[in-house]
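K.L.:
Per UniProt numbering, residue 1 is the first one in the sequence shown, and the count goes up by one each step. By construction, the Cβ of each residue, glycine as well, lies at the ideal position given by its N, Cα and C atoms. Only a predicted model underlies this, so the values are computations on that prediction, with no experimental measurement involved. Once you've had a glance at the structure underneath, I'll fire off some questions.
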Amino acid sequence: MAASKSQKALRWKHREARGGPSVPSRKDDFSAQDVKVKARLKREGALDREAVKNAAGVEFWLNTHDHGEIEPENELEKTWRLKQDEVASLVEVGAASKRYDLKLGQLGPYACSYSRDGRWLLLGGKKGHLAMLDWQKHKMVCEVQVRETVKDVCFLHNNVFFAAAQRKEVYVYDKRGLEVHRMRDHKDVEKLCFLPNHFLLSSIGMQGVLRYQDTSTGEIVAQHRTKLGPCKAMCLNSYNGVVLCGHAGGTATMWSPNMTTPLVKMLCHRGPVNSLAVDQSGRYLVTVGTDKQMKVWDVRTFKLLHAYFCSAPAKSVEISQRGLVGISWGSRVQVWKDALQTKASAPYMNHQQSSGHIRQIRFCPYEDVVGIGHEGGFSSILVPGAGEPNYDSFVASPYQTRRERREHEVHSLLDKLQPDTIVLDPQSVGNIKLDPKQVVAQKKEQQRAAAAAIVSKQRTKNESKQKMKGKNKPTKRHRKKQLNIIRDNKEAVEELVKQKTAQNQREVGEHVPSALKRFF
Numbered sequence: 001m002a003a004s005k006s007q008k009a010l011r012w013k014h015r016e017a018r019g020g021p022s023v024p025s026r027k028d029d030f031s032a033q034d035v036k037v038k039a040r041l042k043r044e045g046a047l048d049r050e051a052v053k054n055a056a057g058v059e060f061w062l063n064t065h066d067h068g069e070i071e072p073e074n075e076l077e078k079t080w081r082l083k084q085d086e087v088a089s090l091v092e093v094g095a096a097s098k099r100y101d102l103k104l105g106q107l108g109p110y111a112c113s114y115s116r117d118g119r120w121l122l123l124g125g126k127k128g129h130l131a132m133l134d135w136q137k138h139k140m141v142c143e144v145q146v147r148e149t150v151k152d153v154c155f156l157h158n159n160v161f162f163a164a165a166q167r168k169e170v171y172v173y174d175k176r177g178l179e180v181h182r183m184r185d186h187k188d189v190e191k192l193c194f195l196p197n198h199f200l201l202s203s204i205g206m207q208g209v210l211r212y213q214d215t216s217t218g219e220i221v222a223q224h225r226t227k228l229g230p231c232k233a234m235c236l237n238s239y240n241g242v243v244l245c246g247h248a249g250g251t252a253t254m255w256s257p258n259m260t261t262p263l264v265k266m267l268c269h270r271g272p273v274n275s276l277a278v279d280q281s282g283r284y285l286v287t288v289g290t291d292k293q294m295k296v297w298d299v300r301t302f303k304l305l306h307a308y309f310c311s312a313p314a315k316s317v318e319i320s321q322r323g324l325v326g327i328s329w330g331s332r333v334q335v336w337k338d339a340l341q342t343k344a345s346a347p348y349m350n351h352q353q354s355s356g357h358i359r360q361i362r363f364c365p366y367e368d369v370v371g372i373g374h375e376g377g378f379s380s381i382l383v384p385g386a387g388e389p390n391y392d393s394f395v396a397s398p399y400q401t402r403r404e405r406r407e408h409e410v411h412s413l414l415d416k417l418q419p420d421t422i423v424l425d426p427q428s429v430g431n432i433k434l435d436p437k438q439v440v441a442q443k444k445e446q447q448r449a450a451a452a453a454i455v456s457k458q459r460t461k462n463e464s465k466q467k468m469k470g471k472n473k474p475t476k477r478h479r480k481k482q483l484n485i486i487r488d489n490k491e492a493v494e495e496l497v498k499q500k501t502a503q504n505q506r507e508v509g510e511h512v513p514s515a516l517k518r519f520f
């Protein structure tokens with residue numbers, strides 16, 4: 001019976017994998033003299049061969065190298081011309097159900113946030129509407145009306161708690177919609193950001209004060225005054241935990257709770273920075289401003305790589321797990337592919353929203369979905385190739401049970417990183433910082449100059465002295481040298497001499513004349 005194409009491909013994967021790690025051959029197994037060693041080598045060789053075979057099969061079936069995307073059949077076809085109805089008709093039924101619209105026109109515009117595992121969706125309407133739902137099952141988890149302005153929302157370490165920046169202060173709610181905490185230190189907050197590896201909730205707003213609060217202990221870790229006016233743009237660099245802020249003067253700053261001044265301050269735009277985002281690798285920074293430009297920066301060198309022109313000032317920017325860049329202005333959403341390392345010539349996808357102006361866009365983790373919060377409510381559109389197809393269950397699992405969630409929470413608290421570890425280069429933590437060659441050469445030159453100055457000063461001082469007769473005899477020079485020598489028993493000898501002198505003075509009576517004391 002002829003083998004199928006998948007079986008042939010799998011055997012080819014096995015052949016390629018066998019060329020990688022070396023395993024003991026049958027001849028090598030029986031080269032040993034001891035019977036136990038022979039048996040152990042045979043077992044290890046069999047286990048190695050089985051592991052290679054299983055790894056090749058997993059790699060083949062998971063297809064970790066390739067990911068789905070829209071591919072044109074010829075040069076005349078353009079992916080950005082595809083509408084959402086056409087995309088939904090071409091994908092499977094399960095994927096097509098992920099495109100939907102929530103019409104909430106009276107309570108918008110809406111801010112949105114996805115959980116780390118991509119299963120839960122959090123919505124915050126400007127007129128006080130808060131809602132959390134399991135968006136894949138279209139199931140409402142909780143809903144609350146706070147009756148005041150909601151500026152931003154974000155999940156904490158899991159879907160059990162979420163924070164909402166309201167009119168004056170920041171509030172924390174649980175998954176039942178009950179108020180758990182009221183953070184009075186966070187005043188006039190515009191943006192919220194949570195650091196999952198450090199359990200820190202950061203906020204910034206109209207006062208221009210960046211605050212870090214530990215959600216596990218409730219303590220304020222740091223408060224930094226940016227001194228750059230009100231701030232309405234903030235994002236997290238998940239690679240190193242550094243928080244980035246965009247200011248009205250066109251500058252972008254990078255902050256750590258360890259320093260009161262910014263780690264880096266970059267001039268990015270000629271006007272206010274509306275939004276900014278960093279990719280998962282921490283290498284590329286994308287900023288949008290009122291100068292109608294989207295700029296891509298290299299975080300390692302702080303240099304401009306590419307610049308794209310927008311027809312209107314963009315209000316929101318986001319980077320997916322696969323490196324797709326999404327921006328929004330007015331009622332339009334535009335997605336760019338391969339726009340970070342190289343400059344793309346045309347956008348990947350376009351979408352025109354019919355429900356008013358867009359407030360915020362968010363890529364859903366592990367899904368080819370973009371969430372759009374706008375004046376009319378919330379919309380979810382399909383963007384093939386946006387999400388990571390293979391998830392790590394130790395980091396975030398969409399199929400996590402209640403028991404697994406509790407265990408993961410305990411492990412996260414035990415592995416929590418301290419705020420002192422937030423630096424630009426996380427690889428430098430625990431290493432010895434070596435000075436550059438130029439700095440080392442400069443220090444050596446300064447030491448030589450200082451030593452030469454001391455020698456010159458001493459020589460001038462010696463030459464200015466008047467030589468006196470008998471002051472430079474060899475015996476006196478030797479005595480001076482002996483006085484400068486530091487010995488371990490010097491203090492003990494001096495103390496013993498003092499004791500003997502005092503004892504001799506006590507033995508000599510007071511009635512003895514001074515002329516006869518030398519005989520005692």
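Hey, residue 273 and residue 229: beta-carbon distance below 8 Å or not?
P.N.:
Your numbering for residue 273 matches position 273 in the sequence shown. Your numbering for residue 229 matches position 229 in the sequence shown. Not in contact: residue 273 and residue 229 (Cβ atoms no closer than 8 Å).
K.L.:
What's the gap between the Cα of residue 24 and the Cα of residue 54?
P.N.:
What you label residue 24 is simply residue 24 of the sequence shown in a count that begins at 1. What you label residue 54 is simply residue 54 of the sequence shown in a count that begins at 1. Any answer about residue 24 is weak, because its pLDDT of 46 lies below 50 and its placement is not dependable; what the coordinates show is given next. The alpha-carbon atoms of residue 24 and residue 54 are separated by roughly 18 Å.
K.L.:
For the alpha helix (DSSP H) that contains residue 145, what are its first and last residues?
P.N.:
Stepping through the sequence shown from its first residue, residue 145 is reached at position 145. Per DSSP, residue 145 belongs to no alpha helix (DSSP H); it is in the beta strand (DSSP E), 139-145.
K.L.:
Is residue 180 buried or exposed, if buried means 16 or more other CB atoms sit within 10 Å of its CB?
P.N.:
Along the sequence shown, one-based indexing puts residue 180 at 180. Per the 10 Å Cβ criterion, exposed.
K.L.:
For a minimum of 3 consecutive residues, which ranges assigned as the beta strand (DSSP E) are wholly contained in the segment 207-289?
P.N.:
209-214, 220-225, 231-237, 242-247, 251-255, 264-267, 273-278, 284-289
K.L.:
So which of 43, 279, 287, 221 has the shortest CA-CA distance to residue 253?
P.N.:
As a first step, residue 253 must be located in the sequence shown, where it is residue number 253. Of the candidates 43, 279, 287, 221, the one whose C-alpha sits nearest the C-alpha of residue 253 is 287.
K.L.:
Please determine if the segment 399-412 and the segment 125-138 are in contact, where contact requires at least 3 C-beta pairs separated by less than 8 Å.
P.N.:
no
K.L.:
Going by DSSP in three states, residue 521 sits in which element: helix, strand or coil?
P.N.:
Residue 521 is absent from the structure shown; the chain starts at 1 and stops at 520.
K.L.:
Residue 205 lies in the beta strand (DSSP E); which residues open and close that run?
P.N.:
Numbered from 1 along the sequence shown, position 205 holds the residue referred to as residue 205. First-last of the beta strand (DSSP E) with residue 205: 200-205.
K.L.:
Roughly how many whole angstroms lie between the Cα atoms of residue 348 and residue 319?
P.N.:
Within the sequence shown, the letter at position 348 stands for residue 348. Within the sequence shown, the letter at position 319 stands for residue 319. In a straight line, the C-alpha of residue 348 is about 13 Å away from that of residue 319.
K.L.:
Please report how far the alpha carbon of residue 418 lies from the alpha carbon of residue 198, in whole angstroms.
P.N.:
Sequence index remark: in the sequence shown, residue 418 carries index 418 (1-based). Sequence index remark: in the sequence shown, residue 198 carries index 198 (1-based). Going by C-alpha positions, residue 418 is about 6 Å away from residue 198.
K.L.:
Mapping the DSSP letters down to three states, classify residue 383 as helix, strand or coil.
P.N.:
For the purposes of this step, residue 383 is taken as residue 383 along the sequence shown, with counting starting at 1. Correct three-state label for residue 383: coil.
K.L.:
Go through its chain and collect everything with a Cβ distance to residue 96's Cβ below 8 Å, but skip five positions before and after it.
P.N.:
By one-based count along the sequence shown, residue 96 stands at place 96. Hits under 8 Å: 88, 89, 382.
K.L.:
Are residue 110 and residue 378 closer than 8 Å when you measure CB to CB?
P.N.:
By 1-based counting over the sequence shown, the position of residue 110 is 110. By 1-based counting over the sequence shown, the position of residue 378 is 378. Yes, they are a contact pair.
K.L.:
Measure the beta-carbon distance from residue 210 to residue 243 and round it to whole angstroms, keeping in mind my assumption that it falls under 8 Å.
P.N.:
Sequence index remark: in the sequence shown, residue 210 carries index 210 (1-based). Sequence index remark: in the sequence shown, residue 243 carries index 243 (1-based). The Cβ separation is near 7 Å, so the contact holds.
K.L.:
Can you give me the start and stop residues for the beta strand (DSSP E) that residue 539 sits inside?
P.N.:
Since the first and last residues shown for the chain are 1 and 520, residue 539 lies out of range.
K.L.:
Should residue 528 be labelled buried (16 or more other beta-carbon atoms within 10 Å of its own) or exposed?
P.N.:
Outside the modelled stretch of the chain, which goes from 1 to 520, sits residue 528, for which no answer is possible.
K.L.:
Does the Cβ-Cβ distance between residue 371 and residue 358 come in under 8 Å?
P.N.:
Position 371 of the sequence shown, counting from 1, holds the residue named residue 371. Position 358 of the sequence shown, counting from 1, holds the residue named residue 358. No, the Cβ-Cβ distance between residue 371 and residue 358 is not below 8 Å.
K.L.:
Out of curiosity, what's the CA-to-CA distance linking residue 363 and residue 167?
P.N.:
For this step, residue 363 is matched to residue 363 along the sequence shown. For this step, residue 167 is matched to residue 167 along the sequence shown. Cα-Cα distance, rounded: 26 Å.
K.L.:
So what's residue 514 in DSSP terms, helix, strand or just coil?
P.N.:
Taking the sequence shown and counting its residues from 1, one reaches residue 514 at position 514. Here residue 514 sits in helix by DSSP.
K.L.:
Short of 6 Å in beta carbon distance, which residues of its chain neighbour residue 105, apart from the five on each side in sequence? Order them along the chain.
P.N.:
The residue given as residue 105 occupies position 105 in the sequence shown. So the qualifying residues of the chain are 376.
K.L.:
Given a threshold of 16 other Cβ atoms within 10 Å of its Cβ, counted over all protein chains shown, does residue 140 qualify as buried or as exposed?
P.N.:
Counting from one through the sequence shown, the residue named residue 140 turns up at place 140. Burial call: exposed.
K.L.:
Please classify residue 489 as buried or exposed, where buried requires at least 16 other C-beta atoms within 10 Å of its C-beta.
P.N.:
Sequence index remark: in the sequence shown, residue 489 carries index 489 (1-based). By the 16-neighbour rule on beta-carbons within 10 angstroms, residue 489 is exposed.
K.L.:
Nearest chain B C-beta to residue 234 closer than 8 Å, yes or no?
P.N.:
Considering every chain present, this structure includes no chain B. It has just one protein chain.
K.L.:
Per DSSP, residue 326 is paired with what?
P.N.:
In the sequence shown, counting from the first residue as 1, residue 326 sits at position 326. DSSP, once it has assigned bridges, lists 318, 335 as partnering residue 326.
K.L.:
Quick check: the Cα distance between residue 165 and residue 263, rounded to an integer number of angstroms?
P.N.:
By one-based count along the sequence shown, residue 165 stands at place 165. By one-based count along the sequence shown, residue 263 stands at place 263. Their backbone Cα atoms lie some 26 Å apart in a straight line.
K.L.:
For the segment 436-446 against the segment 230-239, are there 3 or more C-beta pairs whose distance is under 8 Å?
P.N.:
No, they do not touch.
K.L.:
What residue does the beta strand (DSSP E) around residue 298 start on, and which one ends it?
P.N.:
Reading the sequence shown from its first residue, position 298 is the one you call residue 298. Note, residue 298: beta strand (DSSP E), 293-298.
K.L.:
Quick check: what's the CA-CA separation for residue 69 versus residue 396?
P.N.:
Translated into positions along the sequence shown, residue 69 becomes position 69. Translated into positions along the sequence shown, residue 396 becomes position 396. The alpha-carbon atoms of residue 69 and residue 396 are separated by roughly 24 Å.
K.L.:
With DSSP collapsed to three states, give me the class of residue 432.
P.N.:
To locate residue 432, count along the sequence shown from 1; it is residue 432. Residue state, collapsed to three classes: coil.
K.L.:
If you follow the alpha helix (DSSP H) that residue 90 is part of, which residue opens it and which one closes it?
P.N.:
Position 90 of the sequence shown holds residue 90. Here the alpha helix (DSSP H) through residue 90 covers 84-90.
K.L.:
From what residue to what residue does the alpha helix (DSSP H) around residue 94 run?
P.N.:
By one-based count along the sequence shown, residue 94 stands at place 94. Unbroken alpha helix (DSSP H) run through residue 94: 93-96.
K.L.:
Would you check if the distance between the CB atom of residue 388 and the CB atom of residue 341 is smaller than 8 Å?
P.N.:
Start at 1 with the first residue of the sequence shown, and residue 388 comes out as number 388. Start at 1 with the first residue of the sequence shown, and residue 341 comes out as number 341. Their beta carbons are not under 8 Å apart, which means residue 388 does not touch residue 341 by this criterion.
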